[in-house]
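First residue of the sequence shown? That's 1 in the UniProt record's numbering, and the numbers climb one at a time after it.
No residue lacks a Cβ here, since even glycine has one placed at the ideal position from N, Cα and C.
Have a look at the structure below before the remarks.
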Amino acid sequence: MSEERLSKVEEKLSGITEIINVLVGAVNKLTAEKGQPGGTGDDEEAPRNHHHEDVDQHIKVELPDFHGTLNPEELLEWLRAVERIFEYKGYDDAKKFKVAILKFKGYASLWYEGVKQQRAQARKEPLKSWEKLKKKLQTKFISADYTQELFLKLTHLKQNEGIVESYLRDFEQLTLQCEIQERPEQKIARFLEGLDGRIADKVRLQPLWSLDEVVRFSVEDLRRKCYQCQGYGYYSRDCPTKKTLTLRDVQEIEEQGELLSEATEEMTEHETKKEVTLPPDEGTALVVCRVMHSHPTPLEEDQRQKIFQTRCTVMGKICNVLVDSGSYTNAASTVLVEKLNLPTIDHPQPYKLRWLSKGTEVQVDKQVLLPFSIGKTYSDQVLCDIIPMDACHILLGRPWEFDRDVIHLGRDNTYSFKYEGRKITLTPMASPIHHRSGPEICRKAKDSLLLKEAEFVKEASKQGVIYALLTKEVHEPQPEKIDSGVAELLREFIDVFPEELPPGLPPLRGIEHQIDLVPGATLPNKAA
């Protein structure tokens, strides 16, 4: 029984072996046929590739419109976009032409119709080639000096204060537009020429052989941050804001300062031709005011506690003027109006004016149109309320400042405004009147007896005789304590030591001589 089973198993194995051999032969045959050109494999893949091409052809890609602007960049960008689409679609030259003219809009469409008419009138064949159409477009919409302008931009391209990435983008764009063919070393040299000088100096110290390495090093250098000045490209130890100045640096700064001051002076001279500075009018004031003598102080310090005061001319008379923005009205002194006999008008809205003390109300019911002038350039007239006051003759308040659009400089204490196309600047009085307050008002003030040199010469020429009053400082001797015995002796011989010498010659007294004579000589005073 066992032998029968073994024989059956051997028969099955032999059958399986034959089947395997047949399959191996079939596989080898298929492999050989697939490796030969034009075999079964290529025939099977060809339909697949054709199917993919059909799918690509049905992908929707829209061509951009061209409106025919005179910007060359727009035309070049449109041509690049259209060429990429034509390459993807696989259009021939004729089909490219037909598709391109469909995208002409606005002025570009009118231009193309004009070209068609010109060729028809000249009996030329109509355009049918995409290459010829491109040449026509470039001739029309790209100026002849466009390439030259690109080269000039590339030559003068600098990083300035921009980042390296933006400078690299402009550099690469201009290089491609100019179609420059050069070696990497030349390109790196041009890139470093426009790079920031501080970064370029560091790059030149590195062994870099490609533009990408130069850009990478430049960007990494800018990532360094200075925590002292918050700048980029260096650390705090290399901060340029704390570098020590050498003697040459100081000299250069001084030279630049001198040049700047000269330029400022020239500009100031040019501006002063249109600007007029008006000091107070000179002359005797209309109403005599008592002035207290005091030591002069600098104008800048003196104006710190003073309101603006100047002088103007009203009908040939010099009047004191105060400018106070705290006053809601313009005011004129009653004394001024009475002395000059100025015509007055009734106040449209009379009111009562109260001073600091109670019970001293003043009725304001008159106005005057006051003409005045300061210098030879500024002449004006203001409507003023007539008020009894002795601080000044004219008070210019907010109405005058509003009408003239006045600008007040607090430190200089000047008022500036434009008048008849000129800039007028009013300056304060150099020696303003000193007002006293408190108990000093009740004291009797002393008159000033000072004269200027010109006034003194004028008075001396009239009188002819001048008396000089001199003062002498007297020192009274302090009594000295003398001993009683010594005092008695001094009283006894008081005539010997007088305090003052008596007038006339000294008293007559006997004269004694002690003369040594030569032997045999006669006496010189012997009577004859």
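- Taking C-alpha positions only, T522 is separated from S484 by approximately 55 angstroms.
- Counting along the chain, K458 sits inside the alpha helix (DSSP H) bounded by residues 453-463.
- If you keep only unbroken beta strand (DSSP E) runs of at least 3 residues inside the segment 363-399, you get 378-387, 394-396.
- Excluding five sequence positions before and after Y107, the CB atoms of its chain that fall closer than 8 angstroms to its own CB belong to H67, G68, T69, given in chain order.
- As DSSP reads the structure, V314 sits in a beta bridge with K317.
- The C-beta distance from F151 to L75 rounds to 19 angstroms, too long to fall under 8 angstroms, and the pair is not in contact.
- When G114, K158, E172 are compared, the shortest CA-CA separation from L137 is found for G114.
- Cβ atoms of Y328 and R398 come within 8 angstroms of each other, at about 6 angstroms.
- Bounds of the alpha helix (DSSP H) holding D93 are 93-101.
- 7 angstroms or more divides the Cβ of L133 from the Cβ of K103.
- In the three-state reduction of the DSSP assignment, Q303 falls in the helix class, which pools H, G and I.
- In this structure, the straight-line span from the alpha carbon of D93 to that of K158 is close to 42 angstroms.
- Assigned with DSSP and collapsed to three states, L76 falls in helix.
- Straight through space, the alpha carbons of R190 and L79 are spaced by roughly 29 angstroms.
- K12 carries a helical assignment under DSSP once its states are collapsed to helix, strand and coil.
- Taken through DSSP and simplified to helix, strand or coil, S484 comes out as helix.
- L426 is positioned such that its CB atom lies closer than 7 angstroms to that of Y415.
- In this structure, the CA atom of I307 is about 15 angstroms from the CA atom of I407.
- In this structure T344 does not touch V364 by the C-beta definition: roughly 12 angstroms separates them, more than the 8 angstroms allowed.
- Classified as buried, T310 has 16 or more neighbouring CB atoms from the shown chains inside 10 Å of its CB.
- Here E361 carries a strand assignment [DSSP, helix/strand/coil].
- Apart from the 5 residues on each side of it in sequence, E18 has no Cβ closer than 8 angstroms to any other Cβ in its chain.
- Bounds of any beta strand (DSSP E) do not take in T427, whose DSSP letter is neither H nor E.
- Excluding its 5 nearest sequence neighbours in each direction, Q117 has no C-beta neighbour in its own chain below 6 angstroms.
- P428 counts as buried, since no fewer than 16 other beta carbons sit within 10 angstroms of its beta carbon.
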